[in-house]
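Going line by line, the protein sequences match chains A and B.
Each residue of the first sequence is one higher than the one before, counting from 1 in the numbering used here.
Each residue of the second sequence is one higher than the one before, counting from 449 in the numbering used here.
Here the structure comes first, spelled out in structure tokens, and everything after it is commentary.
There are 2 protein chains.
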Amino acid sequence: MTTIHPVALSDNVEAARQQANAVALERLLNAEPVLVDVAAARDVVPGLTDNTILTSGAPLAWPQYSGGQRRSILYAALYEGLAESVEEAEKALDEGRIVVHSTQEHQCIGSVAGIYTASMPVLVVRDDTHGGTAYCNLYEGKSRHRLNYGSYNDEVRDGLRWLENTMAPVLSAALQLRGPIPLKPLMARALRLGDELHSRNTAASMLFERELTSAFIKLGSTRSAAAVSDVLGFFRDNDYMFLRIGMAAAKATADAAHGVEASTLLTGMAINCQSFAIRISGLGNQWFTGAHPRLNGKFFDGFGPRDVEWIGGESCFTEVTGLGAFAQGAAPALQAYQGGDFTTMIDNNLSLYDITLAEHPHFTIPALGFRGTPAGIDLIEVLRRHRTPMIDGGLAGRSGGQIGAGLLVPELDSFESAYQAYCHQYDPGAVPATRMDSTDRTPQESAR
Amino acid sequence: MTTIHPVALSDNVEAARQQANAVALERLLNAEPVLVDVAAARDVVPGLTDNTILTSGAPLAWPQYSGGQRRSILYAALYEGLAESVEEAEKALDEGRIVVHSTQEHQCIGSVAGIYTASMPVLVVRDDTHGGTAYCNLYEGKSRHRLNYGSYNDEVRDGLRWLENTMAPVLSAALQLRGPIPLKPLMARALRLGDELHSRNTAASMLFERELTSAFIKLGSTRSAAAVSDVLGFFRDNDYMFLRIGMAAAKATADAAHGVEASTLLTGMAINCQSFAIRISGLGNQWFTGAHPRLNGKFFDGFGPRDVEWIGGESCFTEVTGLGAFAQGAAPALQAYQGGDFTTMIDNNLSLYDITLAEHPHFTIPALGFRGTPAGIDLIEVLRRHRTPMIDGGLAGRSGGQIGAGLLVPELDSFESAYQAYCHQYDPGAVPATRMDSTDRTPQESAR
């Protein structure tokens, strides 16, 4: 693979970059995400109007959304009652009566297609250290068919209504009784219990449920008793429950590290139907796009690599904060879901120290002698080492629904594109003379 | 180390032995321990009279109990109100007005000194496959000072009373609401969450609590609300809670495999102040004793190897059933408690396949690609390989209380002693002509 090798930055730029990275890194490592509430998106998400639909990935104009991600947006319009039919929804979107934005433009984070409408409940996570807030909507359950995986039918709709009418009020009431839940200690503990907090959240889901047990007992003696029982049943069936909380924590954490002038720290990775994209702390709100990741997947029965469709995904923010694939050595049981073997997982995990600036002071890997997870991905190290971050992820199918899970490895192109932009902005003399793309695809910077 | 090498058994004995081992092994692997009740020992433990005290290890006569184990028995008499002072208790024991038995004579299993009195609550675990029942009393909590670790004071006494008056009634009521809890699926799952189910029980404790959450909610709306809240607080503070349940399961499981004519399967390991001891499926109720295990410990601050005192212990029945050290590869975080490093833990775990007859069909190790744990220790393989079982265990101090944890490795002597007995009983021609002890100690078969 031909890649751009970063030329040396001038000394003063390099000094400023390192100083900036230390600041951004400190913010990334010391964010303190706390779950404070569960509320309807329209009531808490900044700028989310009743006719707005949010979806994952670098922002695109409506006509650019295709395939399963486009279908998911249309289904969302039906779910929200903004249209009576897919055709009507399409017309309303074409005419701008329904608008589609990226989750990233509203402090939200999307799982797979990441579909939000105004009435959907969201988890509200505040970073107590730096004051930022991030949002994530709720897990739909373990059915292969979910709106965020591009599926929609009566069962999907009823599940979403249940989240609105049962899960959200119970969680909200329980949180009011219990008070805010600091997430970092819980997440650190989950790593000692075999989670990596992207594709395995079994322990964290139990730890979270346990935080609310006393509140559930109090609610159980009120008229909410039946709802509490339903919610416990959902928890029992869904080991993935915590992921959305962890994603909101990752978004709040990455946002805290974003916006440090001259820093080359990676502060976001996001996928939409068109591209994989990254953002860099010192490069503002630009998303630098590239080809979709390479994929080493384990598929549900009857599915294979050719059935995969990219319909979006931002759960890879967990990797940005030193979790997921960056903590895979903590989760040997993940093999059963995602494939691979533990020796390879350990080797993969170790390789990621090459492109990170720190060993996480709070998130540790027992199998590596409690070494801190590799955390703080540096754009420059990625390019120097020709090694991109790895991502644990779920896979969506062309026909809708989840079809497997796997290890995703982005191409270098989006990183090269970001490097060019960095040089242009901070060190014009260091701009590479020739652009050597690693793929046929022209990297595009999405503008908005 | 000089050891007895087993001579060849005659062909017909060897054939019978292998057939018997297959039967015993099948019983060991397919026992289905289920937690059915929590009740006062006097109400459920066979033969336990009000003036009986039970303690861990191969049976000894009262005068043979020394040191911390002797003190624990005397303290138990005080706790139970059988004596007003240690002196009075000693006199009553000397005169036979208070009697001391081994836990093993009453289908019980003891943690460290393993002290039972008639009023103490016990967990009742039934093997649904074979119909046997085993009992274990309750965990006293994480204080370094506990009666089962040879400590006694007002705090220890109050803690034991709280188990009787609060914990046991709540657990019993919750179990009645919920119904019996099958333990094997829960334990299998805990191995995927980083437990090895002897020295690490964090996940199993959470899974167990979770089994009772709905029942706790129901109890929370009754006059038991305050007690339920107390019990939840104890669960929250005590990650070791599950061990006693797992021990009762191990005892029920090992007992199911015991008593198969001609089998050389190990069906028990137990420690008292005088010796380490084993029992063998085909050799009846004899315990074959030997020197205390060698020890590789990690000590709490201020303590070292010289402070260790052997005061009893039967939690090594977990190892007999393919757990504990036999599943250490499932529990990388155990290093923090017990020392060592994960590579060594994996190597140790792998070495135990040498002395076992099966890979457990239900208990698996994620880091070994979900290979079944080594299960079913064979006396003959131990002697052939000169490799004894390993044991994860807590360490008691001379001054009372827990002082650390570590990996215990028994000497070969008890196994040699059992082999001699096996030859005497089944194949007199194969009895080794000369006894070559591996230690100065004369192995003794305790009789009773």
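Glycine included, C-beta positions come from ideal geometry on N, C-alpha and C.
Computed from a predicted structure; not experimentally measured.
Identity of the residues DSSP links to residue i by a beta bridge
i         : result
His101(A) : Leu54(A)
Tyr564(B) : Leu502(B)
Leu713(B) : Asp826(B)
Ala718(B) : Ala725(B)
Pro121(A) : Ala40(A)
Cys423(A) : For Cys423(A), which the question treats as bridged, DSSP gives no partner whatsoever.
Asn744(B) : Leu855(B)
Ala396(A) : Gln402(A)
Pro33(A)  : Asp127(A)
Val308(A) : Gly397(A)
Gly68(A)  : Paired residue(s): none; Gly68(A) is not in a bridge.
Cys556(B) : Tyr583(B)
Cβ-based neighbour list, residue i, same chain, cut-off 8 Å, excluding 5 preceding and 5 following
i         : result
Leu634(B) : Ala652, Leu655, Phe656 and Glu659
Ala252(A) : Ala31, Pro33, Val125, Arg126, Asp127, Gly132, Thr133 and Ala134
Asp888(B) : Its pLDDT being 38, under 50, Asp888(B) is placed unreliably in this model, and the value from its coordinates should be taken loosely. Excluding residues within five positions, none has a Cβ falling inside 8 Å.
Leu798(B) : Gly777 and Leu816
Asp795(B) : none
Thr140(A) : The amino acid occupying residue 140(A) in the given sequence is Glu; Thr does not appear at that position. Excluding positions up to five away in sequence, the list reads Arg146, Leu147, Asn148, Val156, Gly159, Leu160 and Leu163.
Cβ neighbours of residue i in the same chain (closer than 7 Å, five flanking residues each side left out)
i         : result
Gly406(A) : Leu295, Asn296, Gly297, Lys298, Gln338, Gly339, Gly393 and Leu395
Pro814(B) : Arg640 and Ala778
Gly400(A) : Gly68, His145, Tyr149, Gly150 and Ser151
Asn499(B) : Leu530, Arg545, Ile546 and Val547
Arg637(B) : Leu655
Arg475(B) : His578, Ala704 and Ala705
Glu528(B) : Thr565, Ala566 and Ser567
Lys184(A) : Glu32, Pro33 and His362
Sequence-distant residues of the same chain with beta carbon closer than 6 Å to residue i, five excluded per side
i         : result
Asp542(B) : none
Ala881(B) : With a pLDDT of 49 at Ala881(B), under the threshold of 50, the predicted position of this residue should be treated as unreliable, though the coordinate-derived value follows. Once the five neighbours on either side are set aside, Ala881(B) has no close Cβ partner at all.
Asp687(B) : Thr650 and Ser653
Thr344(A) : none
Leu619(B) : Val486
Arg448(A) : Since pLDDT at Arg448(A) reaches only 31, below the 50 mark, its modelled position is unreliable, and no value is offered.
Ile377(A) : Leu266, Ile355, Thr356 and Pro389
Val534(B) : Leu522
Arg200(A) : Ala331 and Leu334
Ser559(B) : Asn596 and Ser763
C-beta contact flag for residue i and residue j at 7 Å
i         : j         : result
Gly770(B) : Ala823(B) : yes
Ala472(B) : Glu644(B) : no
Phe415(A) : Val382(A) : yes
Ala257(A) : Leu266(A) : no
Ala561(B) : Thr503(B) : yes
Gly369(A) : His360(A) : no
Ala710(B) : Tyr874(B) : yes
Arg835(B) : Asp802(B) : yes
Gly505(B) : Ala718(B) : yes
Ala537(B) : Leu522(B) : yes
Phe300(A) : Gly404(A) : yes
Val320(A) : Ala215(A) : no
Lys218(A) : Leu243(A) : no
Pro780(B) : Leu856(B) : no
His646(B) : Thr766(B) : yes
Gly760(B) : Asn720(B) : yes
Arg236(A) : Asp307(A) : no
Legend entry - Length-filtered (3 minimum) beta strand (DSSP E) runs lying within the region 319-394 of chain A: 356-365 and 371-377
Inset, instruction - Would you mind listing the alpha helix (DSSP H) stretches within the region 201-259 of chain A that are 4+ residues and don't spill past its ends, in chain order? - result: Runs of the alpha helix (DSSP H) lying entirely within the region 201-259 of chain A, each at least 4 residues long, are 202-220, 225-237 and 243-257 in chain order.
Inset, instruction - Report yes or no: do the region 667-679 of chain B and the region 612-619 of chain B share at least 3 C-beta pairs separated by less than 8 Å? - result: yes
Legend entry - Three or more C-beta pairs below 8 Å linking the region 684-700 of chain B and the region 563-575 of chain B: A contact between stretches requires three or more CB pairs, one per stretch, nearer than 8 Å, and the region 684-700 of chain B meets this requirement with the region 563-575 of chain B.
Legend entry - Three-pair Cβ contact test at 8 Å for the region 26-39 of chain A versus the region 124-139 of chain A: yes
Legend entry - Contiguous alpha helix (DSSP H) assignments of at least 4 residues, all confined to the region 127-191 of chain A: Entirely contained in the region 127-191 of chain A, the alpha helix (DSSP H) runs reaching 4 residues are, in chain order, 154-162 and 168-178.
Legend entry - chain E contacts from the region 210-234 of chain A (Cβ-Cβ distance under 8 Å): Here chain E cannot be found, since the structure's protein chains are A and B.
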